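Residue numbers (this note's numbering): -1 to 468.
Even for Gly, the Cβ is constructed at its ideal location relative to N, Cα and C.
Here the structure is a predicted model, which is why all the values come from computation and not from measurement.
Encoded structure:
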């Protein structure tokens, strides 16, 4: 409301300031001022080009112009000499210009002095001011009509723009409806000003104002280029609907669940529970990875087996172990491929699919790794650690793999079998929490927080569940 009153007051002030000057154009045709009379562009012809005729003609013209009535001209051999006293330098230049345009005039010598008396200098200004006030007073009915027309058009535009139900029906979301309403207000303001200025005869001034406004708008556009870019990106995102609320997305390097799309930024809640505001210009140009759109998602992990083991049998063992898990989908089936052959092992990549709507992706991958590892070890496959070969020069006894060697200076190395590795016993707390570890249901904590956030705050959301997603 404050911006509306401010806009209306500025427009009325502009009309009031421009009223006195523009209306002079149509009225000045009927009562042309002596000082506003344009000098002839062509030489002034006289009946006889003798000095006397030229002198008489110049003095007669000066007598008709009140500002030059104190100037006297004398002509000799085509040379015009001007003398006398005038109020300002403009009148001196005007007298010289008039005298120089006569046929037969060779040159003009001016000896006109400027009258510096206060009365003589102020009287033309006072006369012009009185003339402007008189013409402004005469034009008051026309100015009043122009102001009335402007107010009618402006108020009609405001009423039309406030018809929010119409714009929401015509536009896909409230954000675009607000933009259309603002555009209607602006168009009504411009149409009202143009009509009012046409009524008071200020079309030339109107063109200058519009041209100046265009230059200023261009300068402001360069200054706030990022803001304008972000605003346009907001419009495009509201039209394209690239995601839904509560979708798990990755925008460039920013990951989280979508809280809402505002006119300035996309609000995400990270997996740590923090709010993240990403400018819409960044979102519009970014690569967006949506984990929620397709509930089926593939996980993968790598395990290495000994180079002496059969990799195909290891792959079959791992696939069977994953297929036995309830949360791993049978369609698509689990799979495995050999990705690399190292110095001491063969690296196998195992892959499986889960339904994210019923299974937590991270927990499913973790338990699948455990199942494949246990199955490989149960079937006798070795999951080797990095192997380092050590050579002892002069050692008479061959060192067998998997033994502990004790070396004392001056003695022969002795070999002992490695001590059995004790089996780790889970503490009571860990055994209690084992059921939670094996539970692969998705963690809905962040999703519930997003729902609460959307329900509690009343901010506008440009995401519309009723419109198709891009």
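- In the DSSP assignment, residue 105 is bridged to 77.
- Listed as beta-bridge partners of residue 218 by DSSP are no residues whatsoever.
- Judged by their CB atoms, residue 256 and residue 461 are nearer to each other than the 9 Å cut-off.
- By the neighbour-count criterion, in which a residue is buried when 16 or more other Cβ atoms sit within 10 angstroms of its Cβ, residue 234 is exposed.
- For residue 264, the uninterrupted beta strand (DSSP E) run begins and ends at 263 to 267, by DSSP.
- Taking each of 230, 444 and 271 in turn and checking the Cα distance to residue 358, the smallest one comes out for 444.
- Under DSSP, no beta-bridge partner is assigned to residue 182.
- Per DSSP, the beta bridge partners of residue 287 are 248.
- By the criterion of at least three beta-carbon pairs nearer than 8 Å, the segment 146 to 159 is not in contact with the segment 108 to 127.
- By the beta-carbon neighbour count (other beta carbons within 10 angstroms, threshold 16), residue 259 is buried.
- In the DSSP assignment, the residues bridged to residue 352 are 295.
- Per DSSP, the unbroken alpha helix (DSSP H) holding residue 224 starts and ends at 223 to 238.
- The three-state secondary structure of residue 340, taken from DSSP, is coil.
- Proximity to residue 334 across 61, 65 and 312 peaks at 312, based on C-alpha coordinates.
- When DSSP states are grouped into helix, strand and coil, residue 142 belongs to the helix group.
- Boundaries of the alpha helix (DSSP H) around residue 374: 359 to 376.
- Taken in chain order, the whole alpha helix (DSSP H) runs of length 4 or more contained in the segment 149 to 204 are 162 to 168 and 172 to 197.
- C-alpha of residue 187 to C-alpha of residue 193: approximately 10 Å in a straight line.
- Annotation: the continuous beta strand (DSSP E) that includes residue 277 extends over 273 to 277.
- Taking every protein chain shown into account, the CB of residue 213 has fewer than 16 other CB atoms within 10 angstroms, so this residue is exposed.
- Here residue 290 is not near residue 345, since their CB atoms are 9 Å or more apart.
- Residue environment for residue 278: buried (at least 16 other C-beta atoms within 10 angstroms of its C-beta).
- Take the alpha-carbon of residue 80 and the one of residue 72: they are about 7 Å apart.
- Straight across, the Cα-Cα distance linking residue 146 with residue 83 is about 49 Å.
- Going by C-alpha positions, residue 60 is about 18 Å away from residue 102.
- Counting only residues of its own chain and dropping the five nearest sequence neighbours on each side, residue 327 has a CB closer than 6 Å to the CB of 351.
- By the neighbour-count definition (other C-beta atoms within 10 Å, threshold 16), residue 136 is an exposed residue.
- Judged by beta-carbon spacing, residue 348 lies within the 9 Å limit of residue 299, meaning their Cβ atoms are closer than that value.
- Secondary structure of residue 72 (DSSP, three-state): strand.
- Excluding five sequence positions before and after residue 323, the CB atoms of its chain that fall closer than 7 Å to its own CB belong to 365, 366 and 369, given in chain order.
- A direct Cα-to-Cα measurement between residue 51 and residue 86 gives close to 28 Å.
- Contact annotation: the segment 220 to 227 does not touch the segment 165 to 181, with fewer than three C-beta pairs closer than 8 Å.
- In this structure, DSSP gives residue 327 a state outside helix and strand, which the three-state scheme calls coil.
- Residue burial is scored here from C-beta neighbours: residue 190 has at least 16 other C-beta atoms within 10 angstroms and is therefore classed as buried.
- When DSSP reads this structure, residue 111 sits in a beta bridge with 83.
- For residue 209, DSSP records no beta bridge to any residue.
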